[in-house]
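Heads up: the sequence lines are chains U and F, in that order.
Heads up: the first sequence begins at 1339 in the working numbering, then just goes up one per residue.
Heads up: the second sequence begins at 8 in the working numbering, then just goes up one per residue.
Heads up: the structure comes next, in structure tokens.
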Amino acid sequence: MAESKTPLLDELETGKWPSFVKEMKQAAEKNPMARDLLDQLELSYKDKIGHWKHGGIVGVKGYGSGVIGRYSDRPDLFPNVQAFHTLRVNHPTGWFYKTDALRNLCDVWDKHGSGLTNMHGSTGDAILLGTRTEHLQSCFDDLSDAGFDLGGSGSALRTPSACVGPGRCEWACIDSLDVCYNITMSYQDKIHRPMFPYKFKIKVAACSNDCVASIARSDLSIIGTWKGDIQIDQNEVLAYAPTIDIQKEVCDLCPTRCMEWNGKELKIYNEDCNRCMHCINLMPKALRPGKEKGATILIGGKAPILQGALLSWVIVPFMKLEPPYTELKDLIERIQDWWDENAKSRERLGELIKRLGMRVFLRAVGLPAVPQMVKAPRTNPYVFFWPEEIKKEVK
Amino acid sequence: MPQIELAGKTYEVDEDGFLQELDKWNEEFAQAYAHTEDIDGTLTEEHWKIINYLRNYFQQFGIAPMVRKVCKDNGIDMKKLYELFPTGPAKGACKLAGLSKPTGCV
Chain U
1339 MAESKTPLLD ELETGKWPSF VKEMKQAAEK NPMARDLLDQ LELSYKDKIG
1389 HWKHGGIVGV KGYGSGVIGR YSDRPDLFPN VQAFHTLRVN HPTGWFYKTD
1439 ALRNLCDVWD KHGSGLTNMH GSTGDAILLG TRTEHLQSCF DDLSDAGFDL
1489 GGSGSALRTP SACVGPGRCE WACIDSLDVC YNITMSYQDK IHRPMFPYKF
1539 KIKVAACSND CVASIARSDL SIIGTWKGDI QIDQNEVLAY APTIDIQKEV
1589 CDLCPTRCME WNGKELKIYN EDCNRCMHCI NLMPKALRPG KEKGATILIG
1639 GKAPILQGAL LSWVIVPFMK LEPPYTELKD LIERIQDWWD ENAKSRERLG
1689 ELIKRLGMRV FLRAVGLPAV PQMVKAPRTN PYVFFWPEEI KKEVK
Chain F
8 MPQIELAGKT YEVDEDGFLQ ELDKWNEEFA QAYAHTEDID GTLTEEHWKI
58 INYLRNYFQQ FGIAPMVRKV CKDNGIDMKK LYELFPTGPA KGACKLAGLS
108 KPTGCV
């Protein structure tokens, strides 16, 4: 048997977890790009550095985003990955596919690219990994014929994504799938043609379990919630009593301690509930979100570069979300206009708000300041006043 | 580095076709190169306005201007910008204007 060209990678074919090396080897049987990719990766394992060149600007006609250009820094050794561009394909919301859609996607990609994919990229797109510049336009044309469009990249609105929501979750407080799809279709121009100071991401979670991690990974997080009382089915609570220690595991772990359990009846003081989902998560048959549903809108989430990582924070405690989502879209547009006008190059929304202050932001987008926006009031006394507020006081 | 020949002269460019020796830029370069960015025929006055604006800004500040600034300062919108440069302001316009390649999380 011939000696393996990829001894380091071969190690990763052992073990229980599905092996990406196996997948790549399968693809390599059909496609020389996948073969060269394996070999270049082996070299990277050996050298402990990446072998891709810096940057790459390629695209398709009419769009400024959606394709990430990539070139090998060893085209002499791996000519088939000299150019190895990535196409981001906008995924169906909630990642629900029928097999014919996936077959179409595979047919297009077998024809134009390496056959390798990433299902899916962290933002949500179906990622087609590796093709040449001359294939980009024809690949895009075939994708369009198959009903797919590209997603976002660069300083644009990135592909919005959502949790499976009411598709198959009883806790969904909003139709996260519809909100996400509606936003995607409304802002096609902003996705395809980068016009912002930097990237902007929107994610929609239908309840505060936040199964798309919107609070951490989007500039604008839409998280479903409710007003009013949690719906309780006392008989179902009783049915849980033999299997879980309701006092210890539910009541004592409630962050606001707003629950009482006397062995027969569960009581919730809803005015103190912060809708953390814990009790509902533990007793899904007995407890349900309240009937008046909507979403909390949060803003500013981002990774560390430049000024430190941020989780999104509340700007609208409760908003009703029903098609055509006029209130939400008005707010999004006011926010983006203000950001676009005021941000420095490559300044995320969260950083701009940190720089100019919440009071400037809130005034610009027309939102009232409410206590839910802060965890605690400021501890220092360096308070600014608007000039007109001072005049009022003096009079 | 790949080389390309345009209007009888040779230029060094990178894989994406961006000019490497920025001081070699001239109007013939832009014109002869335009068809690769899906611009048919002669560059119009509107094209030149954007190209010259980009060059001036780059010379003055050492970076390409933000898209909003390009639109504002030239009194056009994004749609018009893509009509003029179908491959977009970064890949199309900056390349013809002989600016260095846009970088970052593209």
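Positions of the beta carbon are idealized from the N, C-alpha and C atoms, including for glycine.
Keep in mind that this is a model prediction, so the values were computed, not measured.
7 Å Cβ cut-off: residues of chain U touching residue i
| i | result |
| --- | --- |
| M8 (chain F) | The contacting residues do not exist; M8 (chain F) stays about 12 Å from chain U at best. |
| V181 (chain F) | The question about residue 181 (chain F) has no answer here: the residues shown for chain F are numbered 8 through 113. |
| Y89 (chain F) | G1400, R1531 |
Expected contact under 8 Å - CB spacing of residue i and residue j to nearest Å
| i | j | result |
| --- | --- | --- |
| S1559 (chain U) | I1568 (chain U) | At roughly 23 Å, the Cβ-Cβ gap does not stay under 8 Å, so S1559 (chain U) and I1568 (chain U) are not in contact. |
| L1454 (chain U) | A1372 (chain U) | 6 Å |
| K1343 (chain U) | E1380 (chain U) | 7 Å |
| G95 (chain F) | G1402 (chain U) | 3 Å |
| V1359 (chain U) | T1471 (chain U) | That pair is no contact at about 28 Å. |
| K86 (chain F) | D23 (chain F) | In fact, because the Cβ distance is near 25 Å, the residues do not count as touching under 8 Å. |
| L1515 (chain U) | T1431 (chain U) | 5 Å |
| D1557 (chain U) | G1462 (chain U) | Between G1462 (chain U) and D1557 (chain U) the Cβ distance is about 14 Å, and since that is not below 8 Å, they are no contact. |
| N1608 (chain U) | G1566 (chain U) | 7 Å |
| K3 (chain F) | N81 (chain F) | This structure does not reach residue 3 (chain F), given that chain F is present from 8 up to 113, and the question cannot be answered. |
| V1654 (chain U) | L1705 (chain U) | 7 Å |
| V1398 (chain U) | F1478 (chain U) | 4 Å |
| L1443 (chain U) | A1484 (chain U) | 7 Å |
| I1490 (chain U) | G1400 (chain U) | It is worth fixing the name first, because residue 1490 (chain U) is Gly in this sequence and not Ile. So it is not a contact: roughly 14 Å between Cβ atoms. |
Interface flag, residue i vs chain B, CB-CB below 8 Å
| i | result |
| --- | --- |
| K98 (chain F) | No chain B is present in this structure, whose protein chains are U and F. |
Residue i - containing alpha helix (DSSP H), residue span
| i | result |
| --- | --- |
| S1452 (chain U) | Element bounds for S1452 (chain U): n/a, residue is neither H nor E. |
| K31 (chain F) | K31 (chain F) -> no alpha helix (DSSP H), and no H or E assigned at all. |
| A1577 (chain U) | 1572 to 1578 |
| G1632 (chain U) | Segment 1630 to 1637 is the beta strand (DSSP E) holding G1632 (chain U); no alpha helix (DSSP H) there. |
| V1703 (chain U) | 1696 to 1703 |
| W1677 (chain U) | 1664 to 1680 |
| K86 (chain F) | 85 to 91 |
| Q10 (chain F) | Taken as a continuous stretch (DSSP letters only), Q10 (chain F) belongs to no alpha helix (DSSP H), being part of the beta strand (DSSP E) at 10 to 13. |
Residue-level contact to chain U via CB, residue i, 8 Å cutoff
| i | result |
| --- | --- |
| D23 (chain F) | yes |
| G95 (chain F) | yes |
Partners in chain U for residue i, counting only beta-carbon separations shorter than 8 Å
| i | result |
| --- | --- |
| T110 (chain F) | H1392, G1393 |
| R62 (chain F) | Within chain U, no residue comes near R62 (chain F); the closest Cβ sits about 18 Å away, beyond 8 Å. |
| D45 (chain F) | K1399 |
Heavy atom of the ligand GTP within 7 Å of residue i beta-carbon
| i | result |
| --- | --- |
| P1719 (chain U) | In the structure on display, the ligand GTP does not appear, and there are no ligands present to speak of. |
Within-8 Å CB hit, residue i to chain F
| i | result |
| --- | --- |
| S1683 (chain U) | yes |
| V1419 (chain U) | no |
Beta-carbon neighbours of residue i, restricted to chain F and to distances below 8 Å
| i | result |
| --- | --- |
| G1397 (chain U) | T94, G95, K98 |
| D1678 (chain U) | R75 |
First and last residue of the uninterrupted beta strand (DSSP E) at residue i
| i | result |
| --- | --- |
| Q1526 (chain U) | Unbroken run through Q1526 (chain U) is the alpha helix (DSSP H), 1526 to 1530; no beta strand (DSSP E). |
| L1425 (chain U) | 1424 to 1427 |
| M73 (chain F) | Counting along the chain, M73 (chain F) falls outside any beta strand (DSSP E), and DSSP gives it neither H nor E. |
| E19 (chain F) | 16 to 19 |
| K98 (chain F) | That residue, K98 (chain F), is in no beta strand (DSSP E); it is neither H nor E in DSSP. |
| E1367 (chain U) | Counting along the chain, E1367 (chain U) falls outside any beta strand (DSSP E), though it belongs to the alpha helix (DSSP H) covering 1358 to 1368. |
Residues that residue i contacts on chain F, provided the C-beta gap is smaller than 9 Å
| i | result |
| --- | --- |
| Y1409 (chain U) | D21, E22, D23 |
Would you check if there are 3 or more beta carbon pairs closer than 8 Å linking the region 1533 to 1550 of chain U to the region 1675 to 1687 of chain U?
yes
Measuring CB atoms only, is the region 1457 to 1471 of chain U touching the region 1424 to 1434 of chain U, in the sense that at least three cross pairs come out at less than 8 Å?
yes
Whether or not the region 1381 to 1389 of chain U and the region 1397 to 1412 of chain U are in contact is what I'm after, with contact meaning three or more pairs of Cβ atoms, one per stretch, closer than 8 Å; do they touch?
yes
Sufficient close CB pairs (3 or more, under 8 Å) joining the region 1576 to 1586 of chain U to the region 1522 to 1532 of chain U:
no
I want to know whether the region 1671 to 1680 of chain U touches the region 1717 to 1726 of chain U - three or more CB-CB distances under 8 Å.
no
Report yes or no: do three or more beta-carbon pairs, one from the region 1590 to 1599 of chain U and one from the region 1630 to 1646 of chain U, lie closer than 8 Å?
no
When you compare the region 85 to 94 of chain F with the region 1695 to 1712 of chain U, are there three or more beta-carbon pairs, one atom per stretch, that lie closer than 8 Å?
no
Mind the definition here: the region 1516 to 1528 of chain U touches the region 1495 to 1506 of chain U only if three or more C-beta pairs lie below 8 Å; say whether that holds.
yes
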